[in-house]
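Visitor:
Protein chains: 2
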Amino acid sequence: MGRDVEVPETVVRRLPIYVRALAQLEAEGIKTISSLELGRFIGVTAAQIRKDLSYFGEFGKQGRGYEVSHLLREVRRILGLTRVWPMVVVGAGRLGQAIASYDGFKPRGFEVVAVFDNDPAKIGQPVGHLVVRDVDELPAIVRALGVKIGIVAVPAAEAQKVANLMVDAGIRAVLNYAPTALHVPEGIRLEDVDPVAILQSMTYYLVSSGDHDPVVAEPSGAAAAGGDSAPEL
Amino acid sequence: MGRDVEVPETVVRRLPIYVRALAQLEAEGIKTISSLELGRFIGVTAAQIRKDLSYFGEFGKQGRGYEVSHLLREVRRILGLTRVWPMVVVGAGRLGQAIASYDGFKPRGFEVVAVFDNDPAKIGQPVGHLVVRDVDELPAIVRALGVKIGIVAVPAAEAQKVANLMVDAGIRAVLNYAPTALHVPEGIRLEDVDPVAILQSMTYYLVSSGDHDPVVAEPSGAAAAGGDSAPEL
DNA sequence: GGATGTGAAAGTGTTCACAGCC
DNA sequence: GGCTGTGAACACTTTCACATCC
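If you read the protein sequences in the order shown, they are chains A and B.
Mapped onto our numbering, the consecutive letters of the first sequence carry residue numbers 43 to 275.
Mapped onto our numbering, the consecutive letters of the second sequence carry residue numbers 43 to 275.
1) Just mark A:V126 as buried or exposed, buried being the case when its beta carbon has 16 or more other beta carbons within 10 Å.
2) Can you pull the chain A neighbours of B:T74, defined as C-beta to C-beta under 8 Å?
3) Quick check on DSSP: helix, strand or coil for B:A205?
4) Give the interface partners of A:Y247 over in chain B, defined as CB-CB distance under 7 Å, in chain order.
5) With distances taken Cα to Cα, identify the nearest neighbour of A:G102 among A:M129, A:R55, A:D159 and A:T74.
6) Could you tell me if A:V61 is buried or exposed, where buried requires 16 or more neighbouring beta carbons within 10 angstroms of its beta carbon?
7) Our contact map puts B:G133 next to B:A215 with C-beta atoms below 8 Å; I'd like the distance itself, whole angstroms only.
8) Per the DSSP calculation, A:T74 is bridged to which residue(s)?
9) Let's see if you can read the secondary structure: which residues bound the beta strand (DSSP E) around B:G170?
10) Going straight from the alpha carbon of A:A163 to that of A:L113, what length do you get?
11) Is any beta-carbon of chain A found at less than 9 Å from that of B:H171?
12) Given a cut-off of 9 Å, decide if B:L57 and B:L137 are closer than it, judged by their beta-carbon atoms.
13) For A:G166 and A:A156, what's the separation of their Cα atoms in angstroms?
14) Which residues in the same chain have their Cβ closer than 6 Å to the Cβ of A:G170, if we skip the five residues on either side of it in sequence?
15) Pairing CB atoms from the segment 191 to 208 of chain B with CB atoms from the segment 219 to 226 of chain B, are three or more of them under 8 Å?
16) Compare the C-beta of A:A63 against all C-beta atoms of chain B and say whether one is closer than 9 Å.
17) Please confirm whether B:I120 has its beta-carbon closer than 9 Å to some beta-carbon of chain A.
18) Strictly below 8 Å CB to CB, what residues from chain A border B:V235?
19) Whole angstroms is fine: what's the gap from B:A88's alpha carbon to B:S76's?
20) Starting from B:Q202, find everything on chain A with Cβ-Cβ shorter than 9 Å and list it in chain order.
21) Where does B:R56 fall in DSSP's three states?
22) What did DSSP end up calling A:V86 once you bin it into helix, strand or coil?
23) Determine which residues share a DSSP beta bridge with A:V216 and list them.
24) Could you give the first and the last residue of the continuous beta strand (DSSP E) run that contains B:A134?
25) Alpha carbon to alpha carbon, how far is B:V174 from B:G135? Give it in angstroms, no decimals.
26) How many angstroms separate the CA atom of B:P50 from the CA atom of A:I240?
27) Can you have a look at B:P128 and say buried or exposed, based on whether 16 or more other CB atoms are within 10 angstroms of its CB?
28) Any idea if A:R106 is buried or exposed, counting beta-carbon neighbours within 10 angstroms, 16 or more meaning buried?
29) Helix or strand or just coil, what does DSSP make of A:G102?
30) Please classify A:V117: does DSSP put it in a helix, a strand, or coil?
31) Which residues share a DSSP beta bridge with B:E153?
32) So what's A:D159 in DSSP terms, helix, strand or just coil?
33) Since A:A223 meets chain B, which of its residues come closer than 8 Å, beta carbon to beta carbon?
34) Does A:D176 come out as helix, strand or coil in the three-state DSSP assignment?
35) Run through DSSP, which three-state label would A:S96 get?
36) DSSP on A:V238, reduced to helix/strand/coil?
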């Protein structure tokens with residue numbers, strides 16, 4: 043079995059999908075599943091699932107498949123999901139508020155423990171069951187609570203500054219919602235969430251698949267033609 | 043130059059990043075850029091940028107680099123971003139509302155033209171400058187407006203049903219925010235947005251990078267600044 | 001001189017196919 | 001019989017390195 047071999051990043055990115063699927067299957071009362079069935083459920087090949095898991099050990103039984111709750115427990119353990127990870131959010135605009143009050147984190151291993159902004163009008167306002175704090179307090183709180191994960195939810199123009207602040211405070215993983223490229227030091231994890239970028243790649247296939255549809259809307263005004271610039275929250 | 047060769051999907055997924063970066067550079071007044079500089083800005087290699095672009099044509103000038111606004115226009119055209127794409131959102135909960143009233147779509151080529159739900163309490167409520175409609179009206183509206191893109195923002199349990207409805211109505215690209223695996227027919231584009239899955243893959247590196255976390259503060263790269271203050275919150 | 005565009009090489013990731021085990 | 005775990009084959013992606021052109 044594949045110990046000692048470096049685990050490809052792409053494998054690590056698939057593990058949460060397995061967790062999601064296995065949790066659903068467990069909730070449906072399914073006790074056992076083969077790589078073929080799990081693959082069909084998720085939309086990947088059976089070989090890929092077996093290969094992915096082989097990087098971490100042997101979790102199945104030949105002739106039988108995998109015990110759902112066992113495999114779920116194991117993959118969660120591999121990902122470090124046996125605890126709840128505290129996170130901080132910077133940016134208390136619409137997006138930051140939505141993130142801070144999102145109730146889908148807790149059941150999957152995460153919890154927003156503080157929301158920050160630098161706008162005096164927002165500081166002190168309630169968001170979910172938290173209160174917006176001055177971003178100046180971030181370093182103290184991150185250190186005090188040992189927070190390792192930060193979420194950037196400010197406009198593009200301020201995002202790098204916020205990321206720097208987070209890293210200096212001890213944050214080790216940054217989830218960036220701002221539509222701009224951030225730079226972090228070696229060793230700090232950085233991932234972008236940019237649904238618009240995903241949409242933009244999908245339109246490539248819409249236009250190139252011969253579906254020359256009735257044009258509904260043209261870029262409205264001269265401004266739109268040039269505008270991909272710094273969107274707001 | 044690389045005409046006729048099938049364009050790798052991974053290249054198409056990077057194009058929006060180029061658009062984002064080029065728009066920022068243009069806004070900053072930068073007229074010309076080399077693949078090396080653009081690569082540094084985005085965080086990819088110069089060779090990758092040149093190779094990616096070579097699938098679509100020749101956009102640079104040897105010895106000089108790329109003209110920012112020209113390249114931006116070209117990449118937008120390749121992606122089909124010379125028009126505004128109408129989209130429908132299903133699910134008018136917190137997430138659906140946030141999506142429907144997000145003002146970052148318009149400047150990047152998209153517009154939510156309708157929001158649907160099946161909850162009578164939500165139907166008729168205003169969301170942004172729209173009003174929540176009964177999901178039963180979706181097929182008629184999608185057909186009438188020629189909408190090709192649908193956003194799923196309902197709970198996992200209802201997501202597949204919604205996706206089916208969308209596809210039957212003529213939707214060709216589905217952006218799924220529900221944390222569950224969806225299945226769509228061949229030829230329909232499907233992409234997931236699952237920030238929690240991204241977080242879960244980041245924790246893998248947090249636990250396995252020898253940072254055996256003491257629930258309290260750690261010396262981050264620099265010296266352990268400041269005394270340990272009492273946990274707030 | 002300087003930077004592109006691109007075949008070829010190197011590196012990664014996925015699929016195959018089957019020995020081995022339940 | 002059925003299904004896992006895995007080396008080997010294959011496919012895909014990135015990087016190299018250089019001929020080419022401004």
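Every residue, glycine too, gets a C-beta built ideally from N, C-alpha and C.
Guide: By the coordinates alone:
1) exposed
2) Near B:T74 there are no residues of chain A at all, since even the closest Cβ is about 17 Å away, more than 8 Å.
3) helix
4) R231
5) A:T74
6) buried
7) Not quite, the Cβ-Cβ distance comes to about 17 Å (not below 8 Å), so this is no contact.
8) A:E109
9) No beta strand (DSSP E) contains B:G170, which DSSP labels as neither H nor E.
10) 48 Å
11) no
12) no
13) 12 Å
14) A142 and S143
15) yes
16) yes
17) yes
18) V235, P237 and I240
19) 8 Å
20) By Cβ distance, chain A contributes nothing, its closest Cβ being about 12 Å from B:Q202, past 9 Å.
21) helix
22) coil
23) A:G192 and A:L232
24) No beta strand (DSSP E) holds B:A134; DSSP gives it neither H nor E.
25) 10 Å
26) 15 Å
27) buried
28) exposed
29) strand
30) helix
31) B:P128
32) strand
33) I59, R62, A63, F83, I84 and G85
34) strand
35) helix
36) helix
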